[in-house]
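Chemist: Chains as they are written, first to last, in this note's numbering: chain A, -12 to 100; chain B, 4 to 117.
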């Protein structure tokens, strides 16, 4: 069965600092991996996705993530945090057998001035 | 930009009552989903729907739940007899094709069962 683990339910960074949100997955078949962001009172918006092409994936708002099979990881990074990045971030996994998304528990990112 | 819409944004109901949550997917999308998020917990898959039938459902999606696409635009989730534990945020999503395409999510309906 597939699963996703997000380490750190809360992450706090200063504006301009590096953002690193961790995601590890478990899947018996090659996974498809996604990062979604949820701003307050809004739905889930796709940041980026990995579907077996390039292992370094660039998304919206300056975010990127690298698929590392050896580490079963898909960590999300952004070189310089902005106040507007404050939100909840969800990592999710699926595969070619199914289109249902299995989500992690989410990481709430706080950005301090 | 096209988006998924959901109504109502917040629904309060008494235990045992039926509720219908409504979603309007993006117009050219063919695959439809419902997920839910109990407060403080992860987003969980409930059901996927394609070509007017359920293609996959989770253990959560028992006989109390049903989905329907009554016309060409709406996609509904019905809970026949609500329980306290049904209180959650319910998200609708839609996608053009599976499985590597993006699922676009609506803003959610917060269901409160008293």
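Think of the CB as a built atom: it goes at the ideal place given N, C-alpha and C, for glycine as much as any other residue.
Which bits of chain B does residue 45 of chain A rub up against, with CB to CB less than 9 angstroms?
Modeler: Taking the first chain and counting its residues from 1, the one referred to as residue 45 of chain A is at position 58. Residues of chain B passing the Cβ test: none, with the nearest at roughly 15 angstroms.
Chemist: Using the DSSP secondary-structure output, state which residues sit across from residue -3 of chain A in a beta bridge.
Modeler: For the purposes of this step, residue -3 of chain A is identified with residue 10 of the first chain, where counting begins at 1. Residue -3 of chain A is bridged to A/95.
Chemist: Since residue 110 of chain B meets chain A, which of its residues come closer than 8 angstroms, beta carbon to beta carbon?
Modeler: Within the second chain, numbered from 1, the residue matching residue 110 of chain B stands at position 107. Correct list: 28, 29, 30.
Chemist: When you compare the segment 68 to 80 of chain B with the segment 24 to 38 of chain B, are there three or more beta-carbon pairs, one atom per stretch, that lie closer than 8 angstroms?
Modeler: Segments in contact, yes.
Chemist: Taking C-alpha atoms, which residue in A/55, A/-1, A/98, A/41 lies nearest to residue 13 of chain A?
Modeler: For the purposes of this step, residue 13 of chain A is taken as residue 26 along the first chain, with counting starting at 1. For the residues A/55, A/-1, A/98, A/41, the minimum Cα distance to residue 13 of chain A belongs to A/55.
Chemist: Is there contact between the segment 60 to 72 of chain B and the segment 7 to 17 of chain B, where contact requires at least three CB pairs shorter than 8 angstroms?
Modeler: No, the segment 60 to 72 of chain B is not in contact with the segment 7 to 17 of chain B.
Chemist: Along chain B, in chain order, which residues have C-beta atoms closer than 9 angstroms to that of residue 49 of chain A?
Modeler: Here residue 49 of chain A refers to the residue found at position 62 of the first chain. Simply none; closest approach about 19 angstroms.
Chemist: For the segment 8 to 25 of chain A and the segment 58 to 69 of chain A, state whether three or more C-beta atom pairs, one from each stretch, are separated by less than 8 angstroms.
Modeler: Because the criterion of three Cβ pairs below 8 angstroms is met, the segment 8 to 25 of chain A and the segment 58 to 69 of chain A touch.
Chemist: Go through the segment 60 to 110 of chain B residue by residue and report every complete run of the alpha helix (DSSP H) that reaches 4 residues or more, in order.
Modeler: Within the segment 60 to 110 of chain B, no complete alpha helix (DSSP H) run reaches 4 residues.
Chemist: Which same chain residues end up closer than 6 angstroms to residue 48 of chain B when comparing Cβ atoms and leaving out the 5 residues on each side of it in sequence?
Modeler: Residue 48 of chain B sits at position 45 when you count from the first residue of the second chain. 38, 61, listed in sequence order.
Chemist: So the beta strand (DSSP E) residue 56 of chain A belongs to, where does it begin and stop?
Modeler: Within the first chain, numbered from 1, the residue matching residue 56 of chain A stands at position 69. It is not in any beta strand (DSSP E) - residue 56 of chain A carries neither H nor E in the DSSP assignment.
Chemist: What is the DSSP secondary structure of residue 29 of chain B, counted as helix, strand or coil?
Modeler: As a first step, residue 29 of chain B is located in the second chain; it is residue number 26 there, counting from the start. Of the three classes helix, strand and coil, the one that applies to residue 29 of chain B here is coil, per DSSP.
Chemist: Is the beta carbon of residue 90 of chain B less than 8 angstroms from the beta carbon of residue 115 of chain B?
Modeler: If you number the second chain from 1, residue 90 of chain B lands on position 87. If you number the second chain from 1, residue 115 of chain B lands on position 112. Against a cut-off of 8 angstroms, the Cβ pair of residue 115 of chain B and residue 90 of chain B comes out as a contact.
Chemist: Let me make sure I understand the geometry here. Which of A/89, A/68, A/4, A/-4 has the alpha-carbon closest to that of residue 20 of chain A?
Modeler: Taking the first residue of the first chain as position 1, residue 20 of chain A is located at position 33. Closest by alpha carbon: A/89.
Chemist: List, in order along the chain, the chain B residues whose C-beta lies closer than 8 angstroms to that of residue 36 of chain A?
Modeler: Residue 36 of chain A sits at position 49 when you count from the first residue of the first chain. Near residue 36 of chain A (Cβ distances below 8 angstroms), the residues of chain B are 103, 105.
Chemist: Using a Cβ-Cβ cutoff of less than 8 angstroms, which residues in the same chain neighbour residue 72 of chain A once the five nearest sequence positions on both sides are dropped?
Modeler: In the first chain, counting from the first residue as 1, residue 72 of chain A sits at position 85. Hits under 8 angstroms: 6, 48, 65, 96, 98.
Chemist: Cα-Cα, which of B/87, B/84, B/54, B/83 is closest to residue 73 of chain B?
Modeler: Numbered from its first residue, the second chain carries residue 73 of chain B at position 70. The residue with the shortest Cα to Cα distance from residue 73 of chain B is B/54.
Chemist: Run down chain A in chain order and give the residues with a C-beta less than 8 angstroms from the C-beta of residue 56 of chain B.
Modeler: The residue labelled residue 56 of chain B in the question sits at position 53 within the second chain. What residue 56 of chain B touches in chain A: nothing, since even the nearest Cβ is about 15 angstroms away.
Chemist: Could you check what DSSP says for residue 41 of chain B in three-state terms: helix, strand or coil?
Modeler: Residue mapping note: residue 41 of chain B aligns to position 38 of the second chain, counting from 1. The answer is coil: DSSP assigns residue 41 of chain B none of H, G, I, E or B.
Chemist: Taking residue 52 of chain A as the reference, give the member of A/-12, A/78, A/29, A/28 with the closest Cα.
Modeler: Position 65 of the first chain, counted from the start, is the residue given in the question as residue 52 of chain A. For residue 52 of chain A, the nearest C-alpha among the options comes from A/78.
Chemist: Residues of chain B with a CB under 7 angstroms from the CB of residue 77 of chain A: which are they?
Modeler: Translated into positions along the first chain, residue 77 of chain A becomes position 90. The contacting residues are 46.
Chemist: Can you pull out the residues from the segment 16 to 43 of chain B whose beta carbon lies closer than 8 angstroms to at least one beta carbon of chain A?
Modeler: Residues passing the 8 angstroms Cβ filter: 34, 36, 38.
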